[in-house]
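A quick write-up on the structure given underneath.
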Amino acid sequence: MGEIIRFPFEETLDEYTKTYHNNDEYTRLFYVMDSTMKYIHGKGYYVINFNPKNIVVGVTNDNRDFVNFKSLDVMDDDITNKINNNIYNLAFLEIGLLSETLEHLRPDFLKQNFSQFKIFIPENLVNYYQMIVVNGGHTYLCDYLEIKNKQEITKLNKALLEEGGASKGRSYVKSTGHYGNDDEIIVPMKLPNQDNKDNIAAFVTNYALAFVIIASSLLIPIIAFLLGAK
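One rule links them: number in this note's numbering = place in the sequence shown (from 1) + 93.
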């Protein structure tokens with residue numbers, strides 16, 4: 094299947110959710126939002142306000158997605174908690190938008206009644222949100238989808254191998270990412286003071302190692318969760 098060409102647009106997340114979008118469109122949007130947030134974390138910032146009116150989403154003229162979180166701050170301390178809170182808050186926001194209950198939704202109620210929200214969530218995202226809001230996991234959605242995708246590709250290729258697929262002229266499936274190469278389909282968000290590189294270079298260098306260690310540790314629960322869900 095070729096790339097789907099979409100009309101360019103730019104609007105707040107609040108405006109976006111006031112028109113109909115199918116599960117595939119929401120899954121793509123949430124993947125882009127999460128990838129952008131992970132990019133922000135990797136640059137030493139975190140999101141301080143998840144109000145849908147403070148988040149801009151859109152598609153460029155060259156068919157790339159973009160997300161702009163308007164409210165950011167420097168992540169100068171307590172890095173792990175700030176990342177974990179951002180991951181939870183984004184998942185909470187997305188469930189609230191899908192169920193149209195964001196204005197009145199509370200974390201404790203969502204945790205205790207998550208089963209009632211499953212009907213609003215795309216099937217391929219149910220386990221992820223359960224891991225975050227019920228089980229207390231802290232994992233990027235983009236990482237979850239990439240690992241899940243690779244796991245499914247492995248299963249398909251194993252099935253092809255068992256059926257003698259190669260000898261029958263069938264091609265093995267290759268993983269190219271959930272929606273392709275992030276650098277090609279997602280526009281990196283411009284961050285505060287990004288033009289003043291000299292002032293932030295030292296901070297980014299010192300921060301990078303800590304983020305890599307934290308981000309790597311977040312992959313462990315995804316792998317365990319997916320293996321346990323077989």
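Note that beta-carbon positions come from the ideal geometry of N, C-alpha and C, so glycine has one too.
Rounded separation between Met130 and Ile225 - CA only: 16 Å
For Glu104, which of helix, strand or coil comes out of DSSP? strand
For Ile279, which residues does DSSP report across the bridge? Asp158
In its own chain, which residues sit with a C-beta less than 7 Å from the C-beta of Pro221, not counting the 5 before and 5 after it? For the sequence presented, residue 221 should be read as Tyr rather than Pro. Cβ neighbours of Tyr221 beyond the five flanking positions: Leu234 and Tyr237.
Does Val167 come out as helix, strand or coil in the three-state DSSP assignment? strand
Assigned exposure category for Phe102 - 16 Cβ within 10 Å defines buried: exposed
Please check the pair Leu191 and Tyr119, which I expect to be a contact at CB under 8 Å, by giving their CB distance rounded to whole angstroms. 7 Å
Rounded to the nearest angstrom, how far is the Cβ of Thr105 from that of Ile148, given a contact under 8 Å? 7 Å
So, using beta-carbon positions, are Asn182 and His231 closer together than 8 Å? no
How long is the line joining the alpha carbons of His114 and Asp127, rounded to whole angstroms? 18 Å
DSSP three-state label for Gly137, please. coil
Across which residues does DSSP place Gly151 in a beta bridge pair? Glu103 and Phe159
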